[in-house]
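Undergrad: Just so we're aligned, residue 2 is where the sequence shown starts under the working numbering, counting upward by one. Take a look at this one; I'll ask things after.
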Amino acid sequence: MTTLDDFKDIVRLDEPLAPLTWLKVGGPAQYFFAPRSAEELEAVVKWCNDEELPLRLLGGGSNVLVREDGVPGAVIQLTGEGFSQISVDGTTIRAGGGALLSRVVSQSVAAKLAGLETLVGIPGTVGGALHGNAGGRQGDIGQFVKSVSVLTAKGEHFTRTEDELSFSYRRSSINELCILSAEFQLTEEDPTEIDRRMRTMWIMKKAAQPFSFQS
């Protein structure tokens, strides 16, 4: 039988969550897990289910408020390399759910692929961006999704294609425990035009909300 000792390399008890959020407030997590692979994540989820512990996922901490008395149960953050890899195959870019959205935007632009550059300046992870369909006036992340790999609260792993997903204003139909990875279908375009569009979006967003202030 799996015990907490089996996770000694990836778990911390009473871990302060404030440093992991933009607002820098809030109490500790009873159990804080930082799995390094999908296999470790699935094992953590199974253990939490066996122990009947509430389970929550923490992304980049840019849109969350942690209560001062802390969070009972388990909090998982997908910061390991296994959840943050980014790769490009033709006009498709694949990113782990824990990858920073800013890195995905940068790599797509470097690959001369258009679409995600309109998301420049949006903080957080790919998983969080997909869950809340991050975007702006020029478009949302959901319109570029080809498929999403998810893990349910019961530890079930499966892939949902674009036909099985729906996106609306700051919402998506992705309601599973976590997003493991996603594929985005982009288009090739003149890199000069992509860069011009990205710079324009950056200037507009910086004027609307200075990035020296986190929110």
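We treat Cβ as the ideally placed atom computed from N, Cα and C, and that holds for glycine.
Leaving out five residues before and five after Gln186 in sequence, what residues of the same chain have Cβ atoms less than 7 Å from its Cβ?
TA: Your numbering for residue 186 matches position 185 in the sequence shown. Result list for Gln186: Thr92, Thr93, Phe145, Lys147, in chain order.
Undergrad: Starting from Ala183, follow its DSSP beta bridges and name the residues at the other end.
TA: On the sequence shown, residue 183 is found 182 positions in, with the first residue counted as 1. According to DSSP, which records beta bridges pairwise, Ala183 is partnered with Ala96, Val149.
Undergrad: Could you tell me whether the region 124 to 133 touches the region 62 to 73, where touching means 3 or more Cβ pairs closer than 8 Å?
TA: These segments touch.
Undergrad: So the candidates are Arg171, Glu53, Glu165, Ile175; which of them puts its Cα closest to the Cα of Thr153?
TA: Mapped onto the sequence shown, residue 153 falls at position 152. It is Ile175.
Undergrad: Mapping the DSSP letters down to three states, classify Val12 as helix, strand or coil.
TA: Walking along the sequence shown from the start, residue 12 turns up at place 11. Three-state DSSP puts Val12 in a strand.
Undergrad: Could you give the uninterrupted runs of the beta strand (DSSP E) lying entirely in the region 69 to 141, keeping only those of 3 residues or more?
TA: Entirely contained in the region 69 to 141, the beta strand (DSSP E) runs reaching 3 residues are, in chain order, 72 to 78, 87 to 90, 93 to 97.
Undergrad: I need the straight-line Cα distance from Val149 to Asp196, nearest angstrom please.
TA: Within the sequence shown, residue 149 is the residue found at index 148, counting from 1. Within the sequence shown, residue 196 is the residue found at index 195, counting from 1. The straight-line gap from Cα to Cα measures roughly 27 Å.
Undergrad: Which residue's Cα is closest to the Cα of Cys49: Leu120, Asp90, Leu24, Ile77?
TA: Translated into positions along the sequence shown, residue 49 becomes position 48. Minimum Cα distance to Cys49 is reached at Ile77.
Undergrad: Determine the direct distance from the alpha carbon of Met2 to that of Ser216, and round the result to whole angstroms.
TA: By 1-based counting over the sequence shown, the position of residue 216 is 215. By 1-based counting over the sequence shown, the position of residue 2 is 1. Caution is warranted here: a pLDDT of 43 is assigned to Ser216, below 50, making its placement in the model unreliable, and the coordinate value is therefore given only provisionally. Going by the C-alpha atoms only, they are around 43 Å apart.
Undergrad: Pull the bridge partners of Tyr170 from the DSSP assignment, please.
TA: One-based indexing of the sequence shown puts residue 170 at position 169. The partner list for Tyr170 (beta bridge, DSSP) is empty, contrary to what the question assumes.
Undergrad: From Ala130 to Ser182, what does the alpha carbon distance come to, in whole angstroms?
TA: The residue given as residue 130 occupies position 129 in the sequence shown. The residue given as residue 182 occupies position 181 in the sequence shown. Rounded to the nearest angstrom, the two C-alpha atoms are 12 Å apart.
Undergrad: Please classify Ile180 as buried or exposed, where buried requires at least 16 neighbouring CB atoms within 10 angstroms.
TA: Along the sequence shown, one-based indexing puts residue 180 at 179. Classification for Ile180: buried.
Undergrad: Which class does Arg161 belong to by DSSP, given the choice of helix, strand or coil?
TA: Residue 161 sits at position 160 when you count from the first residue of the sequence shown. Arg161: strand per DSSP, three-state reduction.
Undergrad: Going by the beta-carbon positions, is the gap between Leu101 and Ser88 smaller than 9 Å?
TA: Indexing the sequence shown from 1 puts residue 101 at position 100. Indexing the sequence shown from 1 puts residue 88 at position 87. Not a contact, by the Cβ cut-off of 9 Å.
Undergrad: Which residues bound the beta strand (DSSP E) around Leu58?
TA: If you number the sequence shown from 1, residue 58 lands on position 57. 56 to 59 is the extent of the beta strand (DSSP E) around Leu58.
Undergrad: Looking at the secondary structure, which residues open and close the beta strand (DSSP E) in which Ala39 lies?
TA: The sequence position of residue 39 within the sequence shown is 38, counting from 1. Here Ala39 belongs to no beta strand (DSSP E); instead the alpha helix (DSSP H) covers 39 to 51.
Undergrad: Label Arg171 either buried or exposed according to how many other C-beta atoms from any shown protein chain fall within 10 Å of its C-beta, with 16 as the threshold for buried.
TA: Position 170 of the sequence shown, counting from 1, holds the residue named residue 171. With fewer than 16 other Cβ atoms within 10 Å, it is exposed.
Undergrad: Measuring CB to CB, does Val12 end up less than 9 Å from Ala35?
TA: Here the question's residue 12 lines up with position 11 in the sequence shown. Here the question's residue 35 lines up with position 34 in the sequence shown. It is a contact, given that the beta carbons lie within the stated cut-off.
Undergrad: How is the beta strand (DSSP E) around Pro29 delimited, first residue to last?
TA: By 1-based counting over the sequence shown, the position of residue 29 is 28. From DSSP, the beta strand (DSSP E) with Pro29 extends over 29 to 34.
Undergrad: Leaving aside the five residues before and after Glu177 along the sequence, list all residues of the same chain whose C-beta is less than 6 Å from its C-beta, in chain order.
TA: Along the sequence shown, one-based indexing puts residue 177 at 176. Contacts found: Val151, Thr153.
Undergrad: Would you report the Cα separation of Phe8 and Pro29, rounded to the nearest angstrom?
TA: Start at 1 with the first residue of the sequence shown, and residue 8 comes out as number 7. Start at 1 with the first residue of the sequence shown, and residue 29 comes out as number 28. So the alpha carbons of these two residues sit roughly 18 Å apart.
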